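Student:
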Amino acid sequence: MSDEAPEVLKPLKTFSHLAKERRRPSEYEITTTKAYWLMDSLAPGDDFPGERQTKEPFEISSEIPMAKWYHKYRDESPLQYKNWEAYRDPDETIYRTYCRMQDGQETYVDGILDEFSETEHDVDLDPKWVKVLASLYTPGRYPLCALQMGSAYIAQMAGSSTIANSAMFQTADEFRWVSRVAYRTAELAKTHKDAGFGQDERKHWEGDAPWQGFRELFEKALVAYDMGESFTAINLVAKPAFDEAFFRQFGASARRNNDMLVHFLADAALRDSERSRRWSTSFVELALNNPANQKVFQGWIDKWVPLADKAIDAFCGALPDLPDGAKDAKKAAKAFRASLGFSG
Amino acid sequence: MAELERTEWYDLARTTSWTPKYVKEEEFFPPEMSDPYGMPQEVWDTYDEPYKTTYRDYVRVQRDKDIGVYSVRAALGRSHFVEKAPRGWLSILKSHYGIIASVEFTAAIYNCRNARFGRAGGMRNTGTFGILDEIRHGQLEFIFPHEYLKNDRQWDWAVKTYHTDNWTAIAGRHFIEDVMVTRDAVSSTLMNGFCLETGYTNVQFISMAADAAKMGDYTFSNVVTSIQTDEARHAQIGAPNVRFLVETGHKDEAQYVLDNAFWRSWKLFLTLTGPAIDYFTPLEKREKSFKEFMEEWIIAQYRRQIDDMGIDEPWYWDIFLDELNYAHHGLHMGLWRYRPTLFWDPKAGVTPPEREWLEEKYPGWNDTFGKSWDVVIENLKNGEVEKTLPLTLPMLCNICQLPFVAPPNRKTKDFKLHDHTLEHNGRLYHFCSKPCKWIFETETDRYQEHKTLIDRFLAGEIQPMTIPGVLAYMGVAPGEMGDDADKYTWVDAYRDVKAAQ
Chain S
68 MSDEAPEVLK PLKTFSHLAK ERRRPSEYEI TTTKAYWLMD SLAPGDDFPG ERQTKEPFEI
128 SSEIPMAKWY HKYRDESPLQ YKNWEAYRDP DETIYRTYCR MQDGQETYVD GILDEFSETE
188 HDVDLDPKWV KVLASLYTPG RYPLCALQMG SAYIAQMAGS STIANSAMFQ TADEFRWVSR
248 VAYRTAELAK THKDAGFGQD ERKHWEGDAP WQGFRELFEK ALVAYDMGES FTAINLVAKP
308 AFDEAFFRQF GASARRNNDM LVHFLADAAL RDSERSRRWS TSFVELALNN PANQKVFQGW
368 IDKWVPLADK AIDAFCGALP DLPDGAKDAK KAAKAFRASL GFSG
Chain L
5 MAELERTEWY DLARTTSWTP KYVKEEEFFP PEMSDPYGMP QEVWDTYDEP YKTTYRDYVR
65 VQRDKDIGVY SVRAALGRSH FVEKAPRGWL SILKSHYGII ASVEFTAAIY NCRNARFGRA
125 GGMRNTGTFG ILDEIRHGQL EFIFPHEYLK NDRQWDWAVK TYHTDNWTAI AGRHFIEDVM
185 VTRDAVSSTL MNGFCLETGY TNVQFISMAA DAAKMGDYTF SNVVTSIQTD EARHAQIGAP
245 NVRFLVETGH KDEAQYVLDN AFWRSWKLFL TLTGPAIDYF TPLEKREKSF KEFMEEWIIA
305 QYRRQIDDMG IDEPWYWDIF LDELNYAHHG LHMGLWRYRP TLFWDPKAGV TPPEREWLEE
365 KYPGWNDTFG KSWDVVIENL KNGEVEKTLP LTLPMLCNIC QLPFVAPPNR KTKDFKLHDH
425 TLEHNGRLYH FCSKPCKWIF ETETDRYQEH KTLIDRFLAG EIQPMTIPGV LAYMGVAPGE
485 MGDDADKYTW VDAYRDVKAA Q
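This is how it looks when you write it as structure tokens:
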């Protein structure tokens, strides 16, 4: 410190790191930006005088396994950007709006379930379709849990608290559908006692050919520990592929088999899926401010899309009355990536 | 048919583990992230989270809870409590938000670890609820202080603290990272979920809620009470894991991580909560002493909790009970003396009636800490404020990062101030206590590299090597640096005594 007397800081209208914006910050920005410190090592601290400068993710030893993990998979990721902190969720989701929104969505789903239950929907299902539900729908809680796990991983490795926040809400969304599929499983088991509902899901997931593509895709995506690759493998490839196949195409097949309940549930789930794509788009747009990242993303997409397409083919190929299911699912997933400027 | 009961489908939603085929098990659940104890999957399959809820019920209940908290905020915002509140009380709020808010978000990261690397579906789901809860807490604890920024710059530290090298931030990061985010998913659920969140947060949140309600600060009382109701749910993520470890022959490991976390938690809370309860809260509004809260919530409750699990009391229990009588008094005195390093204004809290209360709650206080305060008071009465300010830096412990403290009376036969040292790889480490030294010795690799603020100072990393240089390094500037909460007006009570005599 020089002999010059330091400036006496004045009260502020907002937190100092937001003050330079020269506008009133939103509640989202107030509650979500710079929310913890584990990413301080990724960029020089320049929001206020005296901000810490560090190259280490953690205060304690850089030799512990977790520090090495963060160095390798986050700090040294091929996906580099100088200011991840600039990421903003286009929906500006905060906790209280999330709970309000999803309570509304769940009330809608409750209403559908209740209505179909009242009219004894499950009793009228075609036995052939019941078999499809048992083998291709209710085992879905396993891949949904894989997405829950994968989203939680993206969050813990995120380069900013705003990115983490988006991935955390996505984790909760996946758990929402694990829960709803479990609910439907138990409900179906009441009417169709011998179809294996609530008993055979793991067997189908681990053993049936239509699932093995997704199983391979998710198992491999979950161990793609680089933070950029895990985001790409999950949010740009595996999740769009799964959501298109398991929700949109299965929903369409259900519609053609007089199972409007699954069709409506799928529609509700795709709302969450759209939110994931919106924030993923913002993330990619920010990252592409570094032109070198285009190639990095594209490289990972080229690596992961063949596995995802194979998974879609295997799954959608087994869906009754849906000759174009696989084609449509692949096309939709590809269109999403094309909207971001990627091929494949 | 009507809506299914939760029990009819709940188990399915947590039966989500499968055997990976396309990748190796140890890649899928790397031991250093997941379970380094190698407990078999059959054990994990019996994981049963004690507190059960569903996504559906969660968003409904939490939506309503938030409507409650935010409507109280809207109503009470018009009462301008903060503008009128005593500065000592504001110090409690500022230190709470500055030390706790970012930790809540860090706890969300910890729960992400559980949601990804937990080996049981129930653990992953409890982790997912924990993620949401901790986002909530962090966001509440940012939005409330944000309202007050226009009054004074210190509120900025609700976000700023952990992005600085302020000593409180170094100590906080070192502790929180150790118990929450730099260990595998099993150990951290013991250290954070079972020990810190179940045991200690009660002391901060319940005691503060009680004192806040008495203060008439219904906003703060309402926020911390609401937060604590979430804590009670997700904190239980660790309980099944303690049992698993004991049952699979890993009791010693469980005992170690719990004893580590218990001691480290004590050090945080004696710094944050101890002074808040026994010095910053106005005398007439105090519910109980810090020691009494500790006895109720820690000694009784934690003991019961570990007994149930087959865990022994920590080996240092007597040291802990002894420190309960004095450590936070020493820390408080340190906080007050080093007030320019803080982002809140510590209250001295040692007027004659306050001293009477301290003596009643902590017999012997007047003969020890009171004597040191007498010197401070004499200096202040003589107008020599500079004699009460730091000229140099205190010795800091290489584990807890806190100053060494003891009752200041050398004449007692068991003077407690000891520098517990250890020479390791040519470096001399200093510890404030036997348990801190023991923690270091048990996991030397984990701690040996770290430099305390003093180590950094002595290594020349802080320039210039003066008090203003250190303050700049710590990120505190005039306009936000702490001063006596009452602007020394409390010293008048002693002037009046003298005049009366």
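Taken in order, these protein sequences are the chains called S and L.
Heads up, my numbering is the position in the first sequence plus 67, with the first residue counted as 1.
Heads up, my numbering is the position in the second sequence plus 4, with the first residue counted as 1.
From the three backbone atoms N, C-alpha and C, an ideal C-beta is built for every residue, glycine too.
Since this is a predicted model, take the numbers as computed values, not measurements.
Looking at chain S, is there any beta carbon in it that lies within less than 8 Å of the beta carbon of residue 116 of chain L?
Tutor: yes
Student: At which residue ranges does the segment 296 to 353 of chain L contain complete beta strand (DSSP E) runs of 3 or more residues, listed in the order of the chain?
Tutor: none
Student: I need the straight-line Cα distance from residue 90 of chain S to residue 256 of chain L, nearest angstrom please.
Tutor: 55 Å
Student: By the three-class DSSP mapping on this structure, what secondary structure does residue 285 of chain L have?
Tutor: coil
Student: Mind the definition here: the segment 293 to 307 of chain L touches the segment 371 to 386 of chain L only if three or more C-beta pairs lie below 8 Å; say whether that holds.
Tutor: Not touching, per the Cβ criterion.
Student: So residue 126 of chain L and residue 52 of chain L are supposed to be a Cβ contact under 8 Å. How far apart are they, rounded?
Tutor: 6 Å
Student: Take residue 339 of chain L and list the residues in its own chain whose beta-carbon comes closer than 7 Å to its own, dropping the five residues that flank it on each side.
Tutor: Closer than 7 Å at Cβ, skipping near neighbours: 279, 346, 350.
Student: Which residues of chain S have a Cβ atom closer than 9 Å to the Cβ of residue 313 of chain L, listed in chain order?
Tutor: For residue 313 of chain L, there are no C-beta contacts with chain S under 9 Å, since the nearest C-beta of that chain is about 26 Å from it.
Student: Would you say residue 82 of chain S and residue 150 of chain L are within 8 Å of each other, going by their C-beta atoms?
Tutor: yes
Student: Would you grab the beta carbon distance between residue 20 of chain L and residue 95 of chain S for me? Rounded to a whole angstrom, and I think it's under 8 Å.
Tutor: Their Cβ separation, rounded to whole angstroms, is 31 Å, which puts residue 20 of chain L and residue 95 of chain S out of contact at 8 Å.
Student: Quick one: residues in its chain with C-beta nearer than 7 Å to the C-beta of residue 38 of chain L, no 5 flanking neighbours on either side, listed in chain order?
Tutor: 121, 123, 188, 189
Student: Nearest-angstrom Cα distance between residue 240 of chain L and residue 197 of chain L?
Tutor: 6 Å
Student: Measuring straight from C-alpha to C-alpha, what distance separates residue 254 of chain L and residue 283 of chain S?
Tutor: 34 Å
Student: Which of the three DSSP states is assigned to residue 194 of chain S in this structure?
Tutor: helix
Student: Could you please tell me which residues of the segment 294 to 325 of chain L, in chain order, have their CB closer than 9 Å to any CB of chain S?
Tutor: Along the segment 294 to 325 of chain L, there is no position whose C-beta sits under 9 Å from a C-beta of chain S.
Student: According to DSSP, is residue 120 of chain L part of a helix, a strand, or is it coil?
Tutor: The three-state reading of DSSP puts residue 120 of chain L in helix, counting H, G and I together.
Student: Determine the closest residue to residue 369 of chain L out of L:282, L:164, L:455, L:341, with distance taken between C-alpha atoms.
Tutor: L:282
Student: Since I believe residue 217 of chain S is in contact with residue 161 of chain S (beta carbons under 8 Å), could you give me their beta-carbon distance rounded to a whole number of angstroms?
Tutor: Not a contact, Cβ separation roughly 23 Å.
Student: Which word fits residue 341 of chain S, buried or exposed, when buried means at least 16 other C-beta atoms lie within 10 angstroms of its C-beta?
Tutor: exposed
Student: Less than 8 Å between CB atoms is the rule here; does residue 127 of chain S satisfy it with respect to chain L?
Tutor: yes
Student: Restricting to Cα atoms, I'd like to know which of L:362, L:341, L:57, L:318 is closest to residue 270 of chain L.
Tutor: L:318
Student: Checking contacts by CB at 8 Å: is residue 82 of chain S closer than that to chain L?
Tutor: At a cut-off of 8 Å between beta-carbon atoms, residue 82 of chain S makes contact with chain L.
Student: Going by alpha carbons, who is nearest to residue 409 of chain L out of L:170, L:195, L:332?
Tutor: L:332
Student: Could you tell me which whole alpha helix (DSSP H) segments of length 4 or greater appear in the segment 343 to 405 of chain S?
Tutor: 359 to 383
Student: If you reduce the DSSP assignment to three classes, tell me which class residue 168 of chain L lands in.
Tutor: Assignment of residue 168 of chain L by DSSP, reduced to helix, strand and coil, places it in the strand class.
Student: Look up residue 74 of chain L in the DSSP assignment and say whether it is helix, strand or coil.
Tutor: helix
Student: So, using beta-carbon positions, are residue 214 of chain S and residue 385 of chain S closer together than 8 Å?
Tutor: no
Student: Determine the DSSP secondary structure at residue 200 of chain L, reduced to helix, strand or coil.
Tutor: helix
Student: Check whether the segment 397 to 406 of chain L touches the segment 444 to 462 of chain L, taking contact to mean three or more Cβ pairs, one atom from each stretch, closer than 8 Å.
Tutor: yes
Student: Tell me the DSSP bridge mates of residue 407 of chain L?
Tutor: L:400
Student: Taking the alpha helix (DSSP H) that residue 236 of chain S falls in, what are its first and last residues?
Tutor: 228 to 258
Student: Just the C-alpha distance for residue 316 of chain L and residue 310 of chain L, rounded to the nearest angstrom, thanks.
Tutor: 7 Å
Student: Alpha carbon to alpha carbon, how far is residue 109 of chain S from residue 226 of chain S? Give it in angstroms, no decimals.
Tutor: Rounded to the nearest angstrom, the gap between the Cα atoms of residue 226 of chain S and residue 109 of chain S is 7 Å.
Student: Assuming residue 431 of chain L is part of the alpha helix (DSSP H), what are its boundary residues?
Tutor: Segment 431 to 435 is the beta strand (DSSP E) holding residue 431 of chain L; no alpha helix (DSSP H) there.
Student: Assign residue 425 of chain L to one of three DSSP states: helix, strand, or coil.
Tutor: strand
Student: Please tell me whether residue 147 of chain S has its Cβ less than 8 Å away from any Cβ of chain L.
Tutor: no
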